[in-house]
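Reading through the structure tokens given below for one structure.
Number of protein chains: 4
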Amino acid sequence: MGARAVVVGALGYSGAELLRLLTRHPGMDVVGAGARELAGRAVGEALPHLREANDDLILVPQEEAAAIPADVCFSCLPPGVLDAFRTEVGAEIVIDLSDDHRDEPGWAYGLTELNREAVQRSSRVANPGCYPTAALLVLVPFARHRLIDGPAVIDAISGASGAGRSPEQRLMAAEMGGNVGAYGTTQHRHIPEMERGLAGFGTLDVKVSFTPHLVPIPRGLLVTARAPLITHATDASVLQVLDDAYRDEPFVDVVEGWPQTKHVHGSNRALVSARVDSSCGVLVCSAAIDNLGKGAAGQAVQNANLILGVDERAGLDVTGVWP
Amino acid sequence: MGARAVVVGALGYSGAELLRLLTRHPGMDVVGAGARELAGRAVGEALPHLREANDDLILVPQEEAAAIPADVCFSCLPPGVLDAFRTEVGAEIVIDLSDDHRDEPGWAYGLTELNREAVQRSSRVANPGCYPTAALLVLVPFARHRLIDGPAVIDAISGASGAGRSPEQRLMAAEMGGNVGAYGTTQHRHIPEMERGLAGFGTLDVKVSFTPHLVPIPRGLLVTARAPLITHATDASVLQVLDDAYRDEPFVDVVEGWPQTKHVHGSNRALVSARVDSSCGVLVCSAAIDNLGKGAAGQAVQNANLILGVDERAGLDVTGVWP
Amino acid sequence: MGARAVVVGALGYSGAELLRLLTRHPGMDVVGAGARELAGRAVGEALPHLREANDDLILVPQEEAAAIPADVCFSCLPPGVLDAFRTEVGAEIVIDLSDDHRDEPGWAYGLTELNREAVQRSSRVANPGCYPTAALLVLVPFARHRLIDGPAVIDAISGASGAGRSPEQRLMAAEMGGNVGAYGTTQHRHIPEMERGLAGFGTLDVKVSFTPHLVPIPRGLLVTARAPLITHATDASVLQVLDDAYRDEPFVDVVEGWPQTKHVHGSNRALVSARVDSSCGVLVCSAAIDNLGKGAAGQAVQNANLILGVDERAGLDVTGVWP
Amino acid sequence: MGARAVVVGALGYSGAELLRLLTRHPGMDVVGAGARELAGRAVGEALPHLREANDDLILVPQEEAAAIPADVCFSCLPPGVLDAFRTEVGAEIVIDLSDDHRDEPGWAYGLTELNREAVQRSSRVANPGCYPTAALLVLVPFARHRLIDGPAVIDAISGASGAGRSPEQRLMAAEMGGNVGAYGTTQHRHIPEMERGLAGFGTLDVKVSFTPHLVPIPRGLLVTARAPLITHATDASVLQVLDDAYRDEPFVDVVEGWPQTKHVHGSNRALVSARVDSSCGVLVCSAAIDNLGKGAAGQAVQNANLILGVDERAGLDVTGVWP
């Protein structure tokens with residue numbers, strides 16, 4: 008008998024990915040799944056790819072699911088919803104994928120590789136945003152080494168699932184297919200999260216200029232970041248910084264070529280790389296993750312594994328589904 | 008220590024998928040990987056998504072790989088190549104993914120669900136083509152029940168990886184993106200394979216009219232088949248025929264809605280369904296597989312599991328990576 | 008001063024395509040555009056690709072647009088809506104893209120190449136469905152020549168815009184991307200339209216078994232049809248039948264290879280081809296159109312040109328945007 | 008009788024797009040088309056979407072095509088090839104799409120909006136690269152106004168056709184589909200072209216840090232650029248700078264939302280926009296073009312129109328094919 012897991016917000020893309028990972032997880036049993044609609048229906052009916060969970064797992068209303076006694080509750084609810092429930096969460100451990108608690112005492116910020124000890128001894132984890140996960144993984148090692156200064160100019164390219172499952176015309180296949188564009192304002196809610204992370208994990212107090220783009224791929228997220236170099240560096244030395252930081256990490260790989268999102272499709276892996284643009288004195292670095300993997304559900308499972316004391320890799324793939 | 012496995016033709020799409028499945032397989036160890044090019048390079052360098060195999064597995068020339076002593080050799084070579092090698096295959100069990108031996112005595116035709124006993128007692132398996140796998144899974148139960156006659160009109164829609172990894176202009180993303188069309192002649196090499204299967208497994212001696220199409224998805228294969236009904240049937244009764252045929256099969260699911268390829272993305276699962284077009288007296292049935300999963304590498308592993316006497320599901324997913 | 012044109016339902020995909028074609032049309036001026044939402048906004052604001060119409064064309068409510076005095080009113084409203092308006096249509100000529108009037112006296116069925124004379128002398132045109140347009144263009148010549156019998160087995164593959172612009176989860180880029188599947192029942196509303204067309208234009212009274220599929224391309228539609236051959240035929244003779252039928256048609260091309268949708272992207276062109284599957288005694292034929300071009304807005308403009316007595320090709324492209 | 012045009016390198020993507028535009032051009036007649044392969048075949052056979060050019064235009068070897076007497080020769084040959092021909096170019100005007108002559112006396116740099124007078128009086132035009140076209144259009148107005156300093160951090164996202172038509176595994180639909188990644192080094196050949204343009208047209212001597220990415224769309228190019236602001240600016244004031252610069256330009260539109268590539272698909276239009284990231288003191292600006300339109304063939308035709316003294320818009324669309 009594995010740990011009992013509950014997923015609320017189970018029919019969004021992150022929730023669905025959590026169910027996929029948890030039904031394959033050797034040490035977890037899904038004992039509850041909450042949804043705003045389709046309560047009473049089997050999960051495998053609402054999400055036909057989830058055959059393994061097909062018959063026995065019935066969707067219940069969100070608040071009811073949250074109250075189920077369990078070891079871990081993964082919440083994929085929109086911001087503010089979980090906290091507004093009148094009943095208490097029934098699980099001992101809460102992994103919240105919203106950005107409600109990412110800057111709050113009592114909650115560990117769940118960017119596992121950068122904050123493992125805090126996560127491990129916590130029962131409340133605020134899972135990071137997908138963009139901050141990729142950006143901080145590749146930038147913090149350089150911040151720690153005092154190689155870079157600000158402002159950091161960060162571009163991100165996200166697949167369609169990153170925009171959520173609420174139907175909108177701009178997200179329809181007819182309109183996204185064949186299209187590329189930036190979106191959002193210069194005040195994206197992930198900017199302070201990135202600045203906090205650079206300050207907190209990298210002790211670098213800088214500003215971030217961030218521009219996210221949407222492209223017609225179902226999942227995958229790429230960050231390309233630039234920051235002024237404040238000390239001499241070479242392509243080899245900046246790769247070495249990343250190598251030193253992540254040598255023992257099972258889910259972060261330093262690659263020589265530019266990271267490609269498809270190499271991590273469906274996995275919890277992050278690919279990072281960096282080069283020196285010597286003509287400008289700029290560090291160019293890039294990270295690829297699956298926005299639903301390391302960027303959401305995968306990292307949530309990784310954090311739960313850590314707290315539960317099982318192998319951090321349990322139930323998670325490092326190999327992307329390619330091509 | 009698991010069974011020793013060798014993959015020849017490791018850098019094609021089927022070969023790469025085999026390596027992905029085998030590196031995750033709890034009962035197999037990849038001891039050799041053959042390639043026409045890049046011999047001497049690590050597999051993880053040639054196929055960057057295969058991080059788990061990264062350091063220790065070095066590509067060798069195809070013929071050299073085929074000769075490596077092993078328990079199972081998976082051959083993803085083009086037709087005729089394996090047989091032309093001067094050295095003998097070093098493995099006890101050979102799973103050949105080409106169509107060299109699909110109609111040959113001494114070889115078991117590896118459509119597992121329809122031919123399990125023959126596969127189980129064989130050491131030479133001719134893995135089926137992707138189109139025949141999907142078409143026969145959904146049509147044979149109706150043939151066996153004498154519900155249908157010929158000719159069977161079969162349409163297939165395949166993702167880009169089904170056309171192989173040899174670069175051609177028509178397969179480039181710029182040209183396939185946004186395009187749909189039929190291809191090939193009315194003499195596709197999979198037609199006799201389908202007709203043999205209907206006769207052999209379904210005792211139905213009919214002709215097949217087959218038209219394959221290519222669409223811009225990386226992987227996934229859909230078959231839609233029509234055949235004249237020769238007895239009274241209803242939507243419920245034809246679904247029942249499929250249910251009866253596949254109730255105990257771990258990798259075949261009967262669904263009420265039309266099968267969608269993305270529900271099986273990256274898995275070894277097949278989705279099948281059927282309806283009666285009563286105005287024409289025609290059975291309409293459809294099957295979705297991943298062309299590299301149940302249509303190639305997945306089924307090859309399933310067959311190897313069967314022969315080796317391990318759980319048929321070992322190393323294989325039933326849950327597709329969605330969305 | 009060109010003919011005055013009004014488009015109602017201007018913000019759907021067919022309406023938007025009509026506006027694109029009409030703003031480029033040398034003999035038409037758009038004098039009104041109706042929309043359910045965004046009344047009061049400029050067309051170029053609601054549809055940013057339509058720069059040419061940017062400043063001066065303001066959206067009005069649907070019923071108000073329909074009442075505008077004009078030469079031609081193109082209606083892209085859903086079934087039943089136009090007829091329910093209390094005010095009369097203000098234009099002399101009505102081209103209705105819904106299926107409200109496709110089988111109704113007083114309305115000409117607007118499959119131009121098969122019904123040119125009726126369209127020319129009519130002021131009420133029921134523009135055909137996208138699937139019947141492609142299917143009838145390629146099948147009617149064989150029906151007329153008594154080469155084929157029924158049932159006709161017709162597969163169709165449609166791009167995402169064919170499913171309309173109302174947001175649904177299944178139409179989102181995250182879910183359609185990488186997916187292929189059939190949809191709908193065996194009672195698609197286009198089946199009687201195809202059967203009527205085969206009987207009316209081809210004097211062939213047969214049943215149609217029809218299965219539509221959705222694939223992740225923004226626009227494009229492919230039909231692959233099979234019918235029993237009832238007389239001797241060869242690849243050359245069936246191509247000749249199509250050649251004879253369409254030699255003088257500016258928008259229908261007979262091609263030797265299989266038609267590809269991208270060759271007609273953005274144009275009003277139809278590609279048709281055919282072969283004999285001699286082992287089954289079956290005719291295999293295929294047609295590619297742009298579902299928003301010849302399958303909707305393009306053919307609507309073609310019909311309007313015909314009635315207005317201008318060059319049938321005015322404002323229409325025969326060259327697809329490729330790649 | 009229009010001006011006589013020749014296209015060499017006619018079977019690449021830029022060459023094919025030139026033929027599409029020229030066959031629709033009211034004032035041009037294509038009198039020659041050169042190709043490395045398929046000489047003797049009709050253009051409409053080699054490029055099936057080009058029906059209008061179908062019968063009468065026969066491909067000839069590249070050097071033979073270049074020598075044809077004509078008014079304009081458009082060269083889409085790879086760098087160095089045209090100059091290596093032994094025979095002289097037979098046309099009075101040469102528009103070279105390679106980067107052979109972009110920094111050479113005697114040649115006008117063909118970024119029309121920034122260099123119209125020089126192009127107009129020249130008979131040798133070096134058509135700009137696709138990335139510099141987009142980047143300079145959006146950055147030069149700010150450079151001229153002394154609003155920005157360097158280094159400019161420029162990200163670009165290109166569709167698959169931007170990588171050319173030579174088959175490579177990484178460009179195949181199976182591998183590009185669902186993938187996003189940066190490519191190339193920090194020494195892309197377009198960097199000096201951008202720096203020259205900023206200095207020459209904007210009198211701003213700065214360094215550019217440039218990172219191009221490939222995404223799975225057939226065509227379309229987006230540039231997102233950031234540069235330090237050296238004077239006070241607001242969202243409104245930076246939009247005003249662009250408005251002032253392009254108010255009278257038929258092919259450049261200033262938009263308030265972020266430019267989307269699909270709004271210019273198939274057209275010669277450029278969309279530009281800008282905002283102030285006040286927390287960092289950075290200008291964020293973005294431009295969308297069709298890499299084969301304004302980024303190659305469209306701009307080449309625009310330049311030819313200018314030199315020939317016809318309407319600069321002749322044969323060119325400002326409306327993208329959407330969706």
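Protein chains in written order, with the numbering used here: chain R, 8 to 330; chain E, 8 to 330; chain B, 8 to 330; chain X, 8 to 330.
C-beta: ideal position from N, C-alpha, C; glycine also.
None of the values given here were measured: they were computed from a predicted structure.
For residue i, the first and last residue of its enclosing alpha helix (DSSP H)
i, result
"aspartate 251 of chain X", "242 to 253"
"isoleucine 314 of chain R", "305 to 315"
"arginine 31 of chain E", "20 to 31"
"glycine 51 of chain E", "50 to 53"
"alanine 17 of chain X", "No alpha helix (DSSP H) holds alanine 17 of chain X; DSSP gives it neither H nor E."
"threonine 140 of chain R", "137 to 151"
"glutamate 182 of chain E", "180 to 183"
Per-residue DSSP class, three states only, for residue i
i, result
"glycine 41 of chain E", "strand"
"methionine 8 of chain B", "coil"
"valine 283 of chain E", "strand"
"serine 129 of chain R", "coil"
"leucine 290 of chain R", "strand"
"phenylalanine 278 of chain B", "Per the sequence shown, residue 278 of chain B should be read as leucine rather than phenylalanine. Three-state DSSP puts leucine 278 of chain B in a strand."
"alanine 46 of chain X", "coil"
"alanine 295 of chain X", "strand"
Spatial distance of residue i from residue j (CA atoms)
i, j, result
"valine 248 of chain R", "threonine 231 of chain X", "28 Å"
"valine 13 of chain R", "glycine 171 of chain R", "20 Å"
"leucine 118 of chain B", "proline 225 of chain B", "23 Å"
"alanine 141 of chain E", "methionine 35 of chain R", "33 Å"
"arginine 58 of chain R", "threonine 241 of chain X", "53 Å"
"proline 219 of chain E", "glutamine 267 of chain X", "34 Å"
"alanine 115 of chain E", "aspartate 156 of chain E", "26 Å"
"glutamine 194 of chain X", "alanine 72 of chain R", "54 Å"
"valine 160 of chain E", "alanine 234 of chain E", "6 Å"
"serine 105 of chain E", "arginine 254 of chain R", "40 Å"
"phenylalanine 81 of chain X", "serine 21 of chain X", "10 Å"
"glycine 184 of chain R", "valine 145 of chain B", "29 Å"
Top-ranked residue by Cα proximity to residue i, from the options
i, options, result
"arginine 153 of chain R", "R:Gly117, R:Ala206, R:Gly136, R:Asp106", "R:Ala206"
"glutamate 319 of chain R", "R:Thr238, R:Arg123, R:Ala163", "R:Arg123"
"leucine 54 of chain R", "E:Leu313, E:Arg48, E:Gly264", "E:Gly264"
"arginine 151 of chain X", "X:Val101, X:Ala252, X:Leu315, X:Ala321", "X:Ala252"
"valine 213 of chain X", "X:Leu236, X:Thr192, X:Leu121, X:Pro158", "X:Pro158"
"leucine 45 of chain B", "B:Leu57, B:Gln69, B:Arg58", "B:Gln69"
"glycine 188 of chain E", "B:Pro199, B:Leu64, B:Glu99, B:Leu278", "B:Leu278"
"aspartate 250 of chain E", "E:Val261, E:Pro257, E:Ala243", "E:Val261"
"arginine 43 of chain B", "B:Val291, B:Leu228, B:Leu84, B:Leu26", "B:Leu84"
Continuous beta strand (DSSP E) stretch holding residue i: start and end
i, result
"alanine 163 of chain E", "159 to 165"
"valine 262 of chain R", "Valine 262 of chain R -> no beta strand (DSSP E), and no H or E assigned at all."
Any non-hydrogen atom of the ligand FMN closer than 7 Å to residue i Cβ
i, result
"aspartate 90 of chain E", "The ligand FMN is not among the ligands present in this structure, which contains no ligands whatsoever."
* Asked: Unbroken beta strand (DSSP E) runs of length 3 or more, entirely within the segment 55 to 121 of chain E: which are they?
  -> The segment 55 to 121 of chain E contains, as complete beta strand (DSSP E) runs of 3+ residues, the segments 66 to 68, 77 to 82, 98 to 103 (chain order).
* Complete runs of the alpha helix (DSSP H) confined to the segment 186 to 249 of chain B [at least 4 residues] -> Residue ranges of uninterrupted alpha helix (DSSP H) with 4 or more members, entirely inside the segment 186 to 249 of chain B and ordered along the chain, are 197 to 209.
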